[in-house]
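Participant:
Residue numbers (this note's numbering): 57 to 293.
(1) Give the DSSP-derived three-state secondary structure of residue 87 in the structure shown.
(2) Just curious, the beta strand (DSSP E) that residue 238 is in, first and last residue?
(3) Taking the alpha helix (DSSP H) that residue 126 belongs to, which residues open and close that run?
(4) I'd like to check one pair, residue 114 with residue 124: are the Cβ atoms closer than 8 Å?
(5) Report the option in 219, 151, 109 whose CA atom is closest to the CA atom of residue 168.
(6) Measuring CA to CA, which of 184, 136, 97 is closest to residue 234?
(7) When the distance is taken between beta carbons, is residue 101 closer than 8 Å to residue 110?
(8) Can you have a look at residue 107 and say buried or exposed, based on whether 16 or more other CB atoms are within 10 angstroms of its CB?
(9) Given a cut-off of 8 Å on the beta-carbon distance, is the pair residue 186 and residue 129 in contact?
(10) Which residues share a DSSP beta bridge with residue 188?
(11) Report back the beta-carbon spacing between residue 173 and residue 240 to the nearest angstrom; my notes put them in contact at under 8 Å.
(12) Quick check: the stretch 150-164 against the stretch 75-85, are at least 3 beta-carbon pairs closer than 8 Å?
(13) Who are the Cβ neighbours of residue 281 in its own chain at under 7 Å, not counting the five residues just before and after it?
(14) Please name the residue in 157, 170, 158 whose C-alpha comes closest to that of residue 222.
(15) With a 10 Å radius around its C-beta and 16 neighbouring C-beta atoms as the bar for buried, classify residue 71 as buried or exposed.
(16) With a 10 Å radius around its C-beta and 16 neighbouring C-beta atoms as the bar for buried, classify residue 238 as buried or exposed.
(17) Give me the Cα-Cα distance between residue 82 and residue 91, rounded to the nearest whole angstrom.
(18) Using a Cβ-Cβ cutoff of less than 6 Å, which residues in the same chain neighbour residue 64 once the five nearest sequence positions on both sides are dropped?
(19) With DSSP run on the structure shown, which of helix, strand or coil describes residue 101?
(20) Quick one: residues in its chain with C-beta nearer than 7 Å to the C-beta of residue 182, no 5 flanking neighbours on either side, listed in chain order?
(21) Nearest by alpha-carbon distance to residue 141: which of 163, 175, 188 is it?
(22) Whole angstroms are fine: how far does the CA of residue 57 sit from the CA of residue 164?
(23) Give me the DSSP bridge partner(s) of residue 62.
(24) Between the Cα of residue 175 and those of 225, 88, 85, 62, spot the shortest distance and give me the residue it belongs to.
(25) From the DSSP output, read off the bridge partner residues of residue 154.
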């Protein structure tokens with residue numbers, strides 16, 4: 057039985073992926089900041105699929121210490137995933153928030169800690185079976201290439217976190233050619249990444265999000281060719 061670890065698995069895209077992978081017979085590890093919400097998802101999944109093999113570990117990507125603790129939890133439970141899906145992310149409009157590690161919250165959550173989890177797992181026994189890594193990015197990463205006026209500067213911080221993460225995982229594909237590294241921009245999906253936006257933007261996202269179903273992301277992963285590998289070759293990194 058193959059195992060997949062999904063970050064941010066208690067709602068939205070992550071939760072939909074949990075259900076989809078369970079349906080396909082995978083064992084699923086939910087890596088979530090909120091243990092109670094993770095347990096709620098596990099209970100819900102087991103009500104639908106009585107034989108589902110689902111467990112959770114605590115992971116708060118706004119804390120480097122939590123990343124280290126998560127790796128220790130994975131080593132302790134002894135489950136070695138073949139698939140790592142880095143889905144957790146945050147968008148904080150209009151204000152700059154620093155973590156206890158003195159990093160901008162979006163930058164640490166969306167990029168630094170996502171990469172740290174990956175690198176730590178690849179160098180530990182808990183990650184020795186990893187075959188595929190999926191980073192859930194955003195089309196917003198294109199914005200990071202342009203000077204941004206102060207009025208919409210809040211977009212830039214989010215875009216920069218996704219841009220740098222995209223670049224880092226492209227380099228990861230180059231460094232680890234044995235791995236199937238994929239970077240996915242899901243488009244408009246109704247999820248909690250929008251929870252910190254003003255109400256008018258949340259309303260817009262609810263409308264846009266209905267146009268795409270989160271479970272389709274799993275389908276897209278099965279259809280994608282080695283796109284990242286092609287990009288790496290084309291830009292010569």
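Note that CB positions come from ideal geometry on N, CA and C, so glycine has one too. Predicted model, so just to flag it, every value in this text is computed and none were measured.
Facilitator: Quick answer:
(1) strand
(2) 236-240
(3) First-last of the alpha helix (DSSP H) with residue 126: 120-133.
(4) Taking 8 Å as the Cβ cut-off, residue 124 and residue 114 do not qualify as a contacting pair.
(5) 219
(6) 184
(7) yes
(8) exposed
(9) Going by C-beta atoms, residue 186 is not nearer than 8 Å to residue 129.
(10) 139, 236
(11) Going by Cβ atoms, the distance from residue 173 to residue 240 rounds to 17 Å, so no, they are not a contact pair.
(12) no
(13) Its pLDDT being 39, under 50, residue 281 is placed unreliably by the model, and nothing is read from it.
(14) For residue 222, the nearest C-alpha among the options comes from 170.
(15) Buried is the call here.
(16) buried
(17) 21 Å
(18) 70, 143, 144
(19) The DSSP-derived three-state label of residue 101 is helix.
(20) 127, 130, 131, 136
(21) 188
(22) 33 Å
(23) Residue 62 pairs with 86, 141.
(24) 225
(25) Paired residue(s): 160.
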